[in-house]
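K.L.:
All letters in the sequence shown, in the order written, are residues 88 to 468 by my numbering. Heads up, the beta-carbon is just placed ideally off N, CA and C, and yes, glycines get one too. Have a look at this one.
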Amino acid sequence: MKFSTTVVRAGISPDPTTGAIVPPIYETATYTLEEVGKNKGFDYTRSSNPTRALLEKNLAAIEGGKYGVAFASGMSSVDAVMRLLSAGDHVVSGDDIYGGVSRLFDRILSRYELSFTYVDTSQPENIVKAIRPNTKMIWVETPTNPLLKITDVEAVSKIAKEHNLLFGIDPTFATPYLLRPLEWDVDLVVHSTTKYLSGHNLLIGGIVITNNQDLHEKLKFMQKSVGAVPSPFDCWLTLVGVKTLPLRMERHCSNAMAVAQFLDNHPKVEKVIYPGLPGHPQHEVARRQMKDFGGMISFELKGDIESGITLMNNVKLCSLAESLGAVETLITHPVTMTHTEVPKEVRLKRGLTDSLVRLSVGIEDVEDIIADLEQALGKVK
Ligand SMILES: *Cc1c(COP(=O)(O)O)cnc(C)c1O
């Protein structure tokens, strides 16, 4: 099956009792046994649930993988992946990763004797230099948040194999429509399904996909033992949302390209970061490994923090909100919203300036998005 067929059909067959084309929501905590020792494959919803099982099958197929394990959030999915490690293990991680993930690493998992070294993985040799005798995993986000750095997945996968390390990747910004990490033998793919996969700002969820049976069994064990499971209703909403993934992504990408070009020519804009622009430092890698360049744009305004705040307070169509990857265009000011915990020196060193703005370009008519940005930029001094 081709990609667009897989997203609509994979794992889904008519409900055996009624023929319903949309699978029912099995909103149940437990299942009655026919007799002692005899159930129909389900015993308790923390361990397994038919709606969740369908979602896991469907998302694994969309990713081109064998096994999917669904969690209550992107964060609990990353947490489950890290729990594959043991006290004393070391991880080489990207430096420009989702704020919640670095908080999990530095403030929680580090207390359980896992250690993390952060490097710019857009230069894969930085990873090699950071490998220690106790390194067990390489952790990469691509594109990164919010600086949209791109990592060469094939190159990092080779490094992981050479050093016998697990390679985990979070391509939430790319989605399986744009990037196919399993084709380069990545061990673990994590998505926050909150974003493009469900796509409608309706829910929080996550998935881990792997081709490795042993890792799959460990993750299933973690899922039932820790219990960070998504509700059947949220699984169902994700199953419905994902069916339009290719259509939405096409529009996200074409809208983002037009918005990036508009911003790139605007006198109040200092710099636009979009992997689709030829000036992006990893434009060639992005072009080679991704189908298109995605729906996320970051840009710096001329001026200081006030410029950013003025823009935020004057947009009308773009919603001033955290999160990304849904049908509505969202605008975020990392310094005052998502990255308030990062010390200023660290922030500036990473390129996260006071006037940096992140845009999750939605699927509205692109002329309306541009008109809104244009009028709000007009208010910036
Ligand atoms: C949102 C996000 C997460 C966390 O996912 P939640 O569903 O919010 O828990 C992790 N990684 C990336 C890249 C994200 O965008």
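1) Since N126 and P319 are thought to touch, with beta carbons under 8 angstroms apart, how far apart are those beta carbons, to the nearest angstrom?
2) Please confirm whether G395 and S447 have their CB atoms less than 9 angstroms apart.
3) Output yes or no for whether 9 angstroms exceeds the beta carbon distance between V240 and Q369.
4) Can you tell me where the beta strand (DSSP E) holding M377 begins and where it ends?
5) So I418 packs on C405, CB below 8 angstroms; how close in whole Å?
6) Where does N251 land, buried or exposed, given buried means 16+ other C-beta within 10 angstroms?
7) Have a look at V206, S100 and E337 and flag the residue whose alpha-carbon is nearest the alpha-carbon of P110.
8) Output the boundary residues of the alpha helix (DSSP H) element that contains W271.
9) What residue range does the beta strand (DSSP E) around E357 cover?
10) D257: beta carbon under 8 angstroms from a heavy atom of ligand 1?
11) Enumerate, from N- to C-terminal direction, the unbroken beta strand (DSSP E) stretches of 3 or more residues contained entirely within the stretch 232–308.
12) Please name the residue in E200, A167 and A217 whose C-alpha comes closest to that of V188.
13) Judging by CA-CA distance, which residue of K282, S180, Y264 and A315 is the nearest neighbour of T238?
14) Tell me which residue opens and which closes the beta strand (DSSP E) that T425 is part of.
15) Should E212 be listed as close to ligand 1, given that the test is whether its C-beta is under 8 angstroms from any heavy atom?
16) Pull up the distance between the alpha-carbon of M88 and that of S160, whole angstroms please.
17) Please report the distance separating the alpha-carbon of L253 from that of L235.
18) Could you tell me which residues DSSP puts in a beta bridge with H353?
P.N.:
Result, derived from the coordinates:
1) Going by Cβ atoms, the distance from N126 to P319 rounds to 17 angstroms, so no, they are not a contact pair.
2) no
3) no
4) Counting along the chain, M377 falls outside any beta strand (DSSP E), and DSSP gives it neither H nor E.
5) 4 angstroms
6) exposed
7) S100
8) Looking at the DSSP string, W271 is not in any alpha helix (DSSP H), and its letter there is neither H nor E.
9) V356 to I360
10) yes
11) 253–257, 275–279 and 293–297
12) A167
13) S180
14) That residue, T425, is in no beta strand (DSSP E); it is neither H nor E in DSSP.
15) no
16) 29 angstroms
17) 23 angstroms
18) Answer is none; H353 lacks a bridge partner.
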